[in-house]
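K.L.:
Mind looking over this structure? Questions follow.
2 protein chains.
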Amino acid sequence: MSDDGARIGHLIQLLARLPGLGPRSARRAALHLVKKRDSLLVPLLKALEGVAETVAPCTICGNYDTINPCAICADPERQPGLLCVVAEVGDLWALERGGSFPGRYHVLGGLLSPLDGIGPEDLGLDRLTARCQSERVEEVILALPATVDGQTTAHVIAKRLGGVGTTVSTLAQGVPVGGELDYLDDGTLSTALKARRPVL
Amino acid sequence: MSDDGARIGHLIQLLARLPGLGPRSARRAALHLVKKRDSLLVPLLKALEGVAETVAPCTICGNYDTINPCAICADPERQPGLLCVVAEVGDLWALERGGSFPGRYHVLGGLLSPLDGIGPEDLGLDRLTARCQSERVEEVILALPATVDGQTTAHVIAKRLGGVGTTVSTLAQGVPVGGELDYLDDGTLSTALKARRPVL
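Chains as they are written, first to last, in full-length UniProt numbering: chain A, 1 to 200; chain B, 1 to 200.
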């Protein structure tokens, strides 16, 4: 790359900030884009433009969509009394790909983390409590990661919702579908053993 | 992702076509872009726009740059008699990062590959021969990959340049700098052994 390749260099730097791309793969990606100018670079440019102009967070649940409220919040088929709390929009998408959840969502936008200085007000937990009351939510499902921060957040939310009168549940923990016992960590195995279900 | 998330879905599809990104990492990248709209999405958009508008292949050597001829071809400090032939622009960048090559380049844009139907005319080998004659090139360095296609291409170019009167050389093969012998493949080791150099 020459000194005048500063434009390409700037593009490489920006691409390297995407998750999953390091400096070397960002360079390869930039080269690929310049090479496939009409078939990839220009369409990608248009797609980014479209997303930048139209996609915004839903003011009710925090999902990203081109309409506000988002398609899920606006869907009359969704059960109004069932609310699933997730940490990030990516978790919402993962649950939607499953396609079996009939309720609506609430995206926290993160997890409580005293070390990083993220407290209840940063996640808008008051807004969640208010939403549960105003929408008369019957059950809140806490679909938060099974990490220390995730479980702390789940605990704090459950405590806050105690006074509102909604049922609070969390995702089941156990053996993943298709999972081989031999490859599972000890924690998951012992949790699955403790939470065993009768079959007969 | 809702049905109206088609714009984001399209962006994910395009991102997944970049080398190094699969469908899952493309989804993460798209989410990251939407999240960091002002600090990443918009700058990336501008950078892509800039590259799409200004970067084009150099008509002399095939390098990508914002000027034509490119900064390397236009640099009067570069030795005119020394020409390095590479397969792709990425290889040129790799050599430039090394910073020790004082000559100019010629990018083939690929390698001879009878199986993929890529012949001498696709790589513009006649153009290379003509360039060597018109620019009075004294030495051509073939910096082509040490693969079957790379070595076939090197052999064909060397044969063609035989009548032009330039010296033709290739990169040295051997142990990489910092390389542990234990981790090297047998081919490299035996090549390095055959091409051993006297030290005393």
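The beta-carbon is built from N, C-alpha and C at its ideal position, and this holds for glycine as well.
Note the first and the last residue of the continuous beta strand (DSSP E) segment covering B/C84.
P.N.:
L82 to V86
K.L.:
Entirely within the segment 36 to 115 of chain B and at least 3 residues each: give me those beta strand (DSSP E) ranges in chain order.
P.N.:
82 to 86 and 104 to 107
K.L.:
In this structure, does DSSP put B/D4 in helix, strand or coil?
P.N.:
Low per-residue confidence applies at B/D4: pLDDT is 45, beneath 50, and the placement is therefore not dependable enough to give any value.
K.L.:
Kindly indicate which residue of A/P176, A/V168, A/T153 and A/R97 has the alpha-carbon position closest to the one of A/C132.
P.N.:
A/V168
K.L.:
Quick check on A/S25 - is its C-beta less than 9 Å from some C-beta in chain D?
P.N.:
Structure shown: chain D not included; protein chains present are A and B.
K.L.:
So A/R104 contacts chain B; which residues on that side make the cut at Cβ distance below 8 Å?
P.N.:
Near A/R104 there are no residues of chain B at all, since even the closest Cβ is about 12 Å away, more than 8 Å.
K.L.:
In whole angstroms, what is the alpha-carbon distance linking A/T183 and A/H106?
P.N.:
Residue identity differs from the one stated: residue 183 of chain A is Tyr in this sequence, not Thr. Looking at the two C-alpha atoms, the distance is approximately 33 Å.
K.L.:
At 8 Å on the CB atoms, spell out the chain B contacts of A/A47, in chain order.
P.N.:
R7, H10, L11 and L14
K.L.:
Report the three-state DSSP secondary structure of A/V168 (helix, strand or coil).
P.N.:
strand
K.L.:
So B/A143 is in the alpha helix (DSSP H); what residue range does that whole segment cover?
P.N.:
Annotation: B/A143 is outside any alpha helix (DSSP H); the continuous beta strand (DSSP E) that includes it extends over E139 to A143.
K.L.:
For the alpha helix (DSSP H) containing B/T129, list its first residue and its last residue.
P.N.:
L125 to S134
K.L.:
Is it buried or exposed for B/A130, if we count other Cβ within 10 angstroms and need 16 for buried?
P.N.:
exposed
K.L.:
Return the bridge partner residues of A/I118 from the DSSP annotation.
P.N.:
A/S113
K.L.:
Does the structure place the segment 25 to 37 of chain B close enough to the segment 88 to 108 of chain B that three or more beta carbon pairs sit under 8 Å?
P.N.:
no
K.L.:
Can the beta-carbon of A/G103 be found closer than 9 Å to that of B/L21?
P.N.:
Going by beta carbons, A/G103 and B/L21 fall outside the 9 Å limit.
K.L.:
Write down the C-beta distance between A/R136 and A/G81 rounded to the nearest angstrom, noting that I regard them as a contact closer than 8 Å.
P.N.:
7 Å
K.L.:
Using 9 Å as the threshold, is the C-beta distance between A/C70 and A/C84 below it?
P.N.:
no
K.L.:
Taking all protein chains shown into account, decide if A/D3 is buried (16 or more other Cβ within 10 angstroms of its Cβ) or exposed.
P.N.:
Because the pLDDT of A/D3 is 42, which lies under 50, any placement of that residue in the model is unreliable, and the number read from its coordinates should be weighed accordingly. With fewer than 16 other Cβ atoms within 10 Å, it is exposed.
K.L.:
Is A/M1 buried or exposed, if buried means 16 or more other CB atoms sit within 10 Å of its CB?
P.N.:
Since pLDDT at A/M1 reaches only 45, below the 50 mark, its modelled position is unreliable, and no value is offered.
K.L.:
With a CB to CB cut of under 7 Å and the five nearest residues on each side skipped, what residues in its chain are close to A/R78?
P.N.:
I72, P102, G103 and R104
K.L.:
Our contact map puts A/L40 next to B/R17 with C-beta atoms below 8 Å; I'd like the distance itself, whole angstroms only.
P.N.:
That pair is a contact at about 6 Å.
K.L.:
Given this structure, state the Cα-to-Cα distance separating A/V175 from A/L14, to the nearest angstrom.
P.N.:
Each residue's CA atom was taken as its position, placing A/V175 and A/L14 some 39 Å apart.
K.L.:
Once the 5 residues before and after B/D149 are set aside, which same chain residues still bring their CB inside 6 Å of it?
P.N.:
L111 and S113
K.L.:
Name the residues in the segment 35 to 65 of chain B whose C-beta lies less than 7 Å from a C-beta of chain A; which are they?
P.N.:
R37, L40, L41, V42, P43, L44, L45, A47, L48, E49, G50, V51, A52, T54, V55, Y64 and D65
K.L.:
If we cut at 9 Å on Cβ distances, does B/H155 have a partner in chain A?
P.N.:
At a cut-off of 9 Å between beta carbons, B/H155 makes no contact with chain A.
K.L.:
Check whether chain B comes within 9 Å of A/P19, counting only Cβ atoms and requiring the distance to be less than that.
P.N.:
yes
K.L.:
Taking the alpha helix (DSSP H) that B/Q151 falls in, what are its first and last residues?
P.N.:
V148 to L161
K.L.:
Classify A/L48: buried if its beta carbon has 16 or more other beta carbons within 10 angstroms, exposed otherwise.
P.N.:
buried
K.L.:
Which residues bound the alpha helix (DSSP H) around B/A192?
P.N.:
Run containing B/A192: D186 to K194, per the alpha helix (DSSP H) assignment.
K.L.:
Within a Cβ cutoff of 6 Å, which residues of the same chain sit near B/T191, ignoring the five residues on either side of it in sequence?
P.N.:
Q173
K.L.:
Determine, for A/G178, whether the minimum Cβ-Cβ distance to residues of chain B falls below 9 Å.
P.N.:
no
K.L.:
What is the rounded straight-line gap between the Cα of A/D91 and the Cα of A/I8?
P.N.:
Taking the straight line from one Cα to the other gives about 34 Å.
K.L.:
Verify whether the separation of the beta carbon atoms of A/T153 and A/L123 is less than 9 Å.
P.N.:
In this structure, A/L123 lies closer than 9 Å to A/T153 by Cβ.
K.L.:
Is B/E77 close to chain A, meaning its C-beta is less than 9 Å from at least one C-beta of that chain?
P.N.:
no
K.L.:
Rounded to whole angstroms, what is the Cα-Cα separation between B/R37 and B/T59?
P.N.:
Cα to Cα, the separation comes out at about 37 Å.
K.L.:
Taking the alpha-carbon positions, what's the residue 284 of chain A to A/A87 distance?
P.N.:
The displayed coordinates of chain A run from 1 to 200. Any statement about residue 284 of chain A would go beyond what the structure contains.
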